[in-house]
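Note sheet for the following structure.
In UniProt numbering, the protein residues as written are 1 to 290.
Rendered as structure tokens:
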């Protein structure tokens with residue numbers, strides 16, 4: 001009996017380890033095609049993280065169909081708008097990597113990129129790409145350097161009676177809802193001994209009458225809002241309105257926008273205008289970190 005028990009235990013002594021090897025395969029044992037199907041369900045940031053696990057995940061992370069689903073629907077038109085043409089023989093991951101960076105176009109007055117989490121399109125227009133009443137008259141306006149702007153400089157208003165900023169853009173926006181913001185700063189920002197300071201001496205007129213913001217699209221959408229500017233010393237995003245791009249739209253969307261305070265009973269001054277931002281409405285809470 002003892003020998004029988006001994007025979008039983010000895011004969012199976014090596015099988016548990018072999019069974020564990022068979023029953024618990026590692027991630028590296030998954031076929032690359034299966035890994036790619038898994039990665040397709042993740043967002044771009046997660047795909048990049050998982051690509052570091054092993055060789056199978058790294059290879060699968062380059063599959064074109066994985067990144068095709070992360071790109072904006074009309075990414076070809078977006079690339080052509082930014083680059084002036086479509087680069088051939090690029091893999092889809094290379095295209096996504098390019099679009100997820102902030103890319104300048106139109107002589108550096110505009111920047112475009114896709115959100116790394118949602119793949120939604122974001123757009124930013126410098127004040128130098130806008131039409132500003134009196135911008136060339138140094139008695140009223142000056143361009144000053146700023147490391148708090150994506151464009152390295154902002155327009156500073158000293159004083160004016162008639163305040164008007166207009167702009168327009170034609171761009172292949174993917175289907176979705178977008179919000180338009182003016183990025184403004186009451187007071188003249190600067191630095192002293194390495195510390196940020198704000199000169200508020202010239203701020204006046206913005207608390208008397210509200211500023212009006214408006215947007216229009218070529219298909220008849222219109223939105224407007226108004227408010228007084230009352231937050232000196234900080235960069236603020238003032239919501240001008242929203243617009244919708246339908247799924248059936250195949251051409252570029254033409255968007256116009258304006259910011260005005262044209263009550264000539266008083267002067268206005270002490271305001272910095274940085275840019276106009278077109279952001280996916282679902283992501284507008286991230287503007288605080290812009």
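Backbone N, C-alpha and C fix where the C-beta goes; we use that ideal spot for every residue, glycine too.
Check                                                                                                                                                            : Outcome
Once the 5 residues before and after residue 263 are set aside, which same chain residues still bring their CB inside 7 Å of it?                                 : 209
Kindly give me the distance between the Cβ atoms of residue 105 and residue 78, rounded to whole angstroms, as I take these residues to be in contact under 8 Å. : In fact, because the Cβ distance is near 10 Å, the residues do not count as touching under 8 Å.
Over the uninterrupted beta strand (DSSP E) stretch that includes residue 169, give me the two end residues.                                                     : 163 to 171
Consider the Cβ of residue 235: report whether some Cβ of chain D lies at a distance smaller than 9 Å.                                                           : The chain labelled as chain D is not found in the depicted structure, where only one protein chain is given.
Between the beta-carbon of residue 121 and the beta-carbon of residue 109, is there less than 9 Å?                                                               : no
Mind checking who residue 87 pairs with in its DSSP beta bridge?                                                                                                 : According to DSSP, residue 87 bridges with nothing at all.
Mind checking who residue 145 pairs with in its DSSP beta bridge?                                                                                                : 153
Measure the C-alpha to C-alpha separation of residue 291 and residue 178 and round it to an integer number of angstroms.                                         : For residue 291 there is no data in the structure shown, the boundaries of the chain being 1 and 290.
Report the three-state DSSP secondary structure of residue 192 (helix, strand or coil).                                                                          : strand
How is the beta strand (DSSP E) around residue 279 delimited, first residue to last?                                                                             : 271 to 280
Considering Cα atoms alone, identify which of 133, 132, 157 and 134 is closest to residue 144.                                                                   : 157
Do the stretch 240 to 248 and the stretch 146 to 161 touch if we need at least three Cβ pairs shorter than 8 Å?                                                  : no
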